[in-house]
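**Q**
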Amino acid sequence: MPSGDAPHPLAIGGQFALGGSAYTLDSYFNLTHVLAKRDGADVREKLAIADILAAIQQPAVVSGAGTEESTSSGTETLSEKDWAEAERREAKLKLIIEAIRPSKALVKEIAEALGKSVATIYRWRIVHAKKGIVGLAPHHPTGGRGKSRLVDLQEDIVDEAIEEHYLTTKKLKIPKVMEVIEERCHRAKLKIPHPNTVRLRVAWLSDKKKAAAREGRKGARRHKAYPGIYDEAIHPNAVWQIDHTPLDVCIVDDVYRKNIGRVWLTLAIDVFSRVVAGFYMSIDKPNATSVGMALVHAILPKEAWLAAHGIDMAWPVWGKPLTVHADNDRTFRCDPVTRAAKAQKINLEWRPVATPNWGGHIERLLGTVNQEIQTINGTTFSNPMQRGEYKPHEEAEFTFDQTEEYLTRWLCGVYHQRKHTGLNRPPIRKYESGILGDAESPGVGLPEPITDPLRLKLDFMPCTTKTVQNNGVTWDSITYYDPAIDKYIHARDPENRKVKRKFLLRRDPRDLSFIWFLDPERDVYIKIPYRRMEHPSITLWELRAVRKFLREAGRSEVDEEVIFDTYRELQKIKSKASQETQAARKEAQKKKMYAKKSKTEKAQMDGANPGKPSATEQAQEQKRGPVGVLLDEDSIVALAIE
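Position one of the sequence shown corresponds to residue 52 (my numbering), numbered consecutively onward.
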């Protein structure tokens, strides 16, 4: 962050408004409360963090027409070329982005290497701090075509020469690489870059990459990570690991209490403290949505989510991670997840190929989770030999909701609280000391609040582009409409008037009853419902099943009415079959699962549970005394001891 920026509201010295009064945060009491001074008063008040978060969170925006809206992150409309250029610039600027006060010499050196002015580099640094990677994307003002691309051609020559002649086992030195660059620039009639520019470019390369390319396996082994050690995980939320696993238990449906198979868990762990940052459980196999929703659950505060599930426990872990380590699985390494991570300023790193121990912390935790799950009736155990004659599909008794609640209670009440052998203390205590500090080291403080949870969720949703027709926008044969998009009917592309303009859409695959339309003029997302609002809500997987059924029946061309008529008929058949077949019961349970997830996720994003007392009001009944009571120094010490 560039120097001079004001601290965020939950940092020491941060300012916020609560209950009509302005406060300055003075110190941290614990992971759920802070001590703050009201403007004009000298005494400190004990305030619930959950109440502060709810107060500073952006309320849901509703337009004059009653349509729900959300802001855009700006990454959605970038072309592949502009996205790649923004990533390239961010990589080159890494040194000064991370520096508190970068030296003028360093800025000048980077400016020369990029072929930009020093002023431009400083401006990019400020823009990146405010907007993230989207601020570094190229601008395309009218009349900009035909400008010289001399710098880009030089970049290509330098990069290719380094790749082909420096990063090889020949171990050529910079002067030899310069000979290649000089020859190619001369042939292309380009200015020859200074050798220092090439040296800087090589210096930007990681030692690991250079050693592996120039020294082969020996060099690669020297930089190989080994499980249990992550030098960059020096504080909470510095590094997370995330992965999937099927839980070793069969579950039953809510209605007939019969087996519907196993569930999948996507879980994120904070490497510094080993606390579980968040998770996502589903009957469906892992997909990009599983990854996105697990990260959203992990990043947002969980008080309201716990309350919506009826779980009266503490899970004071939240905030954006700096880096997330993930497997090479396509559910992680896909465009929706990578772009969303960039939009949220999260560094996403993938497991190197053929390094099974790279994700040691998350894999050990998933193993520990399944060891606990194997104590539940209906367990599949970890292999057939362990299972023996036991029949999990006959012994299963937990529903999806019960399994999710059991896992949550075990994580919060047992795993977080018991001593971790690798830490020699409970994970939640390690996390607390990393945030608040202890006798050995100062804490990093509470993370910056998430003021727009809906935008966070939208960034992790899949997207596409479509034109607007007279009846609305159509995605996968389903049409959506709202008067807010009337002005874009048959709109022409402003850069090419010969073609129709396409607009960006996002949707939640678990509920296709509405989509989010990005209004390019206002740069906001607009919630657009079905054009035919009498249609039932369906999931993307149900839609695919209907289309597959119709294709197999010889109906290659179908419209919206055929799809929903067929869906209703299939639902009737499934309803009759639910008592007999596992697949039908599983599909019926998915509907309930997604409906409940929609409610609990909304509760988490809203940061409050309607009908329930606020965190401050609940705390007033606790033994420590009412929240908001003015505390003197003796009272604070007494409360801390207690």
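Virtual Cβ for every residue (Gly too), placed ideally from N, Cα, C.
Alpha carbons only, please: which of 368, 97, 185 and 265 is nearest the one belonging to residue 215?
**A** What you label residue 215 is simply residue 164 of the sequence shown in a count that begins at 1. Out of 368, 97, 185 and 265, 265 has the C-alpha closest to the C-alpha of residue 215.
**Q** So, using beta-carbon positions, are residue 287 and residue 485 closer together than 9 Å?
**A** Along the sequence shown, read from residue 1 onward, the residue named residue 287 stands at position 236. Along the sequence shown, read from residue 1 onward, the residue named residue 485 stands at position 434. Yes, the pair counts as a contact, with Cβ atoms nearer than the cut-off.
**Q** If you drop the 5 nearest sequence neighbours on each side, which residues of the same chain put their C-beta closer than 6 Å to that of residue 370?
**A** Along the sequence shown, one-based indexing puts residue 370 at 319. Cβ within range, chain order: 288 and 498.
**Q** Grab me the residues of residue 220's own chain with a C-beta within less than 7 Å of its C-beta, minus the 5 sequence neighbours each way, in chain order.
**A** Reading the sequence shown from its first residue, position 169 is the one you call residue 220. Same-chain partners within the cutoff: 265 and 267.
**Q** Considering only residues of the same chain and omitting the five flanking positions on each side of residue 310, which have a CB-CB separation below 7 Å?
**A** Taking the first residue of the sequence shown as 1, we reach residue 310 at position 259. Excluding sequence neighbours, residue 310 sits near 301, 303, 444, 447 and 633.
**Q** Helix, strand or coil: which one does DSSP assign to residue 401?
**A** Your numbering for residue 401 matches position 350 in the sequence shown. The answer is strand: DSSP assigns residue 401 an E or B state.
**Q** Could you have a look at residue 49 and say whether DSSP puts it in helix, strand or coil?
**A** Any property of residue 49 remains undetermined from this structure, which presents the chain solely from 52 to 693.
**Q** First and last residue of the beta strand (DSSP E) that includes residue 96?
**A** Here residue 96 refers to the residue found at position 45 when the sequence shown is read from its first residue. 95-99 is the span of the beta strand (DSSP E), which, as asked, contains residue 96.
**Q** What residue from 456, 305 and 245 has the CA that sits closest to residue 651's CA?
**A** Here residue 651 refers to the residue found at position 600 of the sequence shown. Residue 456 is the option with its Cα nearest to residue 651.
**Q** Can you tell me where the beta strand (DSSP E) with residue 58 in it begins and where it stops?
**A** Counted from its first residue, the sequence shown places residue 58 at position 7. Taken as a continuous stretch (DSSP letters only), residue 58 belongs to no beta strand (DSSP E), as it is neither H nor E.
**Q** Do you know offhand how far residue 552's Cα is from residue 542's?
**A** Numbered from 1 along the sequence shown, position 501 holds the residue referred to as residue 552. Numbered from 1 along the sequence shown, position 491 holds the residue referred to as residue 542. In a straight line, the C-alpha of residue 552 is about 6 Å away from that of residue 542.
**Q** Going by DSSP, name the residue or residues bridged to residue 579.
**A** Taking the sequence shown and counting its residues from 1, the one referred to as residue 579 is at position 528. In the DSSP output, where bridge partners are listed per residue, residue 579 has 566.
**Q** What ranges does the beta strand (DSSP E) occupy inside the region 475-525, keeping only unbroken runs of at least 3 residues that lie completely in it?
**A** Segments of the beta strand (DSSP E) lying fully in the region 475-525: 514-517.
**Q** Comparing alpha-carbon positions, which option in 218, 245, 292 and 235 lies nearest residue 259?
**A** In the sequence shown, residue 259 corresponds to position 208, counting from 1. Nearest C-alpha to residue 259: 218.
**Q** Mind checking residue 98: buried by the 16 CB within 10 Å criterion, or exposed?
**A** In the sequence shown, the residue the question calls residue 98 occupies position 47. Counting Cβ neighbours within 10 Å, residue 98 comes out buried, since at least 16 surround it.
**Q** Could you spell out where the beta strand (DSSP E) holding residue 341 opens and where it closes?
**A** Sequence index remark: in the sequence shown, residue 341 carries index 290 (1-based). Where residue 341 is concerned, there is no enclosing beta strand (DSSP E), although the alpha helix (DSSP H) it sits in stretches over 339-350.
**Q** Going by beta-carbon coordinates alone, are residue 494 and residue 74 separated by less than 9 Å?
**A** Locating residue 494 in the sequence shown gives position 443, counting from the first residue. Locating residue 74 in the sequence shown gives position 23, counting from the first residue. In this structure, residue 74 does not lie closer than 9 Å to residue 494 by Cβ.
**Q** Given residue 564, which residues of its chain have a CB within under 7 Å of its CB, disregarding the five upstream and five downstream residues?
**A** Residue numbering aside, residue 564 sits at position 513 when the sequence shown is read from its first letter. Excluding residues within five positions, the ones whose Cβ falls inside 7 Å are 580, 581 and 588.
**Q** Rounded to the nearest angstrom, what separates residue 640 and residue 305 at their Cα positions?
**A** For the purposes of this step, residue 640 is taken as residue 589 along the sequence shown, with counting starting at 1. For the purposes of this step, residue 305 is taken as residue 254 along the sequence shown, with counting starting at 1. Cα to Cα, the separation comes out at about 7 Å.
**Q** In its own chain, which residues sit with a C-beta less than 6 Å from the C-beta of residue 231, not counting the 5 before and 5 after it?
**A** Your numbering for residue 231 matches position 180 in the sequence shown. The residues are 212 and 216.
**Q** Would you check if the distance between the CB atom of residue 574 and the CB atom of residue 125 is smaller than 9 Å?
**A** Locating residue 574 in the sequence shown gives position 523, counting from the first residue. Locating residue 125 in the sequence shown gives position 74, counting from the first residue. The answer is yes: Cβ separation under 9 Å.
**Q** Give every residue of the same chain whose Cβ lies closer than 6 Å to the Cβ of residue 550, excluding the five residues on either side of it in the sequence, and list them in chain order.
**A** Position 499 of the sequence shown, counted from the first residue, corresponds to residue 550. Excluding sequence neighbours, residue 550 sits near 544.
**Q** Give me, in chain order, the residues of the same chain whose beta-carbon lies closer than 7 Å to that of residue 357; leave out the 5 immediate sequence neighbours on both sides.
**A** Position 306 of the sequence shown, counted from the first residue, corresponds to residue 357. Hits under 7 Å: 364 and 366.
**Q** Which ranges would you report for the alpha helix (DSSP H) in the region 152-234 if only whole runs of at least 4 residues count?
**A** Segments of the alpha helix (DSSP H) lying fully in the region 152-234: 155-165, 169-182 and 201-212.
**Q** Give me, in chain order, the residues of the same chain whose beta-carbon lies closer than 7 Å to that of residue 281; leave out the 5 immediate sequence neighbours on both sides.
**A** On the sequence shown, position 230 is the one that residue 281 refers to. Unreliable placement is indicated for residue 281, whose pLDDT of 47 sits below 50; the coordinate value is still reported in the next sentence. Closer than 7 Å at the Cβ level, and outside the excluded window around residue 281, lie 290 and 322.
**Q** Is it a yes or a no for the region 337-351 touching the region 468-480, going by three-plus beta-carbon pairs under 8 Å?
**A** No, because fewer than three Cβ pairs between the region 337-351 and the region 468-480 fall closer than 8 Å, the two stretches do not touch.
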